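Worksheet: one structure, shown below.
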Amino acid sequence: MIYVNGVPTDGGENPTIRDVLLALDIDPDRGGIAVAVDAEVARRGEWPRRTVPDGARVEIVMATQGG
Amino acid sequence: MTAPLVIAGRELRSRLLLGTGGFTRLETLGAAIDTCECELVTVAMRRIDASAPGSLLDVIAAHGVDVLPNTAGCFTARDAVLTAQLAREALQTDWVKLEVIGDERTLLPDAPELLAAAEQLVDDGFVVLPYTNDDPVLARRLEDVGCAAVMPLGSPIGSGMGIANPANITLIVEASGVPVVLDAGVGTASDAALAMELGCDAVLCASAISRAADPVAMAQAIRLAVRAGVLARGAGRIARRTHARASSPAQGMPEFAE
Chain A
15 MIYVNGVPTD
25 GGENPTIRDV
35 LLALDIDPDR
45 GGIAVAVDAE
55 VARRGEWPRR
65 TVPDGARVEI
75 VMATQGG
Chain B
34 MTAPLVIAGR
44 ELRSRLLLGT
54 GGFTRLETLG
64 AAIDTCECEL
74 VTVAMRRIDA
84 SAPGSLLDVI
94 AAHGVDVLPN
104 TAGCFTARDA
114 VLTAQLAREA
124 LQTDWVKLEV
134 IGDERTLLPD
144 APELLAAAEQ
154 LVDDGFVVLP
164 YTNDDPVLAR
174 RLEDVGCAAV
184 MPLGSPIGSG
194 MGIANPANIT
204 LIVEASGVPV
214 VLDAGVGTAS
224 DAALAMELGC
234 DAVLCASAIS
244 RAADPVAMAQ
254 AIRLAVRAGV
264 LARGAGRIAR
274 RTHARASSPA
284 QGMPEFAE
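Chains as they are written, first to last, in this note's numbering: chain A, 15 to 81; chain B, 34 to 291.
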């Protein structure tokens, strides 16, 4: 089990960050998003190969309106 | 102050920065961007929302302005630094409007956390524009750690109370070696004009425009107020006096018959 934006999610066997995004119907090639795994930024170039360990907290963010 | 504003080597033609928060429609935001002729607009970073209506970034790009991500909502230096790093990754900009909030009710900055975050982000290569208290000493400390500008509040975020302590804003302006951007508290055009008359280099507005009854009309009013304030500052206002000083001559008064 991993936690994606606070939601417990069955990520399957050793999912990569790219796998996690695809499972949520998020296009990993779209711009404007960033990912942190356990409070550390995962650079876009790492997404295809970096695996998300069991119990990890994944945060996927985008720009929204704000002052 | 007819020279353009320069922050971290970037020349900005506009002395008004727009916050995108509070606009109820993206179309209105786009019209406000066009009307206030800004070049930088702030955005916040939040968990991805697949149901978000339209793309904020597309609207911003279509109107030819750049994003300035903020760290709004962060209460610790650690969270603010991580949020800035996420923004850099998502938006390909190393500029950040640094906010580290110390209190939910007032949304006032947490000075020690703000300074710690500023130092870390400068070391990490960011162009740091900190939202800060109207405290001249803290402003100096932020400049000392390498911030590219300081952005003191006029009054609390979204309060519309204007510039609560103009004397402190003046002290910050006098001492600062980096641009001073009046951030937060502007409620209407006259507040923005006052900021520029006090010597601020720019004004950042969000709620004053986005939550006005007619945001586009207020965008125009505030743009003109910023311009008026710059001109008034340059023109050199008269000194304040305790007593009146007649502008009509005292000599030559006719004496009328009883």
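Even glycine gets a Cβ: it sits at the ideal position worked out from N, Cα and C.
Being a predicted model, the structure only gives us computed values, none of them experimental.
- In the structure shown, R260 of chain B adopts helical secondary structure according to DSSP, grouped into three states.
- Interface with chain B (7 Å Cβ-Cβ cutoff): A70 of chain A is excluded.
- For A77 of chain A, the closest C-alpha among the options B:S88, B:L147, B:G267 and B:M194 is that of B:S88.
- Residue nearest to A41 of chain B within the set B:T109, B:R58 and B:G210 is B:G210 (criterion: CA-CA distance).
- With fewer than 16 other Cβ atoms from the protein chains shown falling within 10 Å of its own Cβ, R273 of chain B counts as exposed.
- Judged by their CB atoms, S240 of chain B and G218 of chain B are not nearer to each other than the 7 Å cut-off.
- In the three-state scheme derived from DSSP, where H, G and I count as helix and E and B as strand, I81 of chain B is classed as coil.
- Taking C-alpha positions only, L231 of chain B is separated from P199 of chain B by approximately 7 Å.
- About 4 Å separates the CB atoms of E122 of chain B and A48 of chain A; that is less than 8 Å, so the two are in contact.
- Taking a C-beta cut-off of 8 Å against chain A, none of the residues of the segment 252-281 of chain B qualify.
- Distance from R48 of chain B to L62 of chain B at the Cβ level is roughly 20 Å; contact not present, criterion being Cβ atoms closer than 8 Å.
- Annotation for A228 of chain B: L215 and V236 place their beta carbon closer than 6 Å to its own, counting only its chain and skipping 5 residues before and after.
- Setting aside the 5 residues that flank it on each side, T75 of chain B is surrounded in the same chain by L50, L51, G52, T53, G54, V100, L101, P102, N103, K130, L237 and A239, each with a C-beta closer than 8 Å to its C-beta; the list follows chain order.
- Contact between L186 of chain B and L148 of chain B is ruled out by a C-beta separation of about 16 Å, above the 8 Å threshold.
- Interface annotation, M184 of chain B: not in contact with chain A, CB-CB separation never under 7 Å.
- For M194 of chain B, the closest C-alpha among the options B:A279, B:D167 and B:D224 is that of B:D224.
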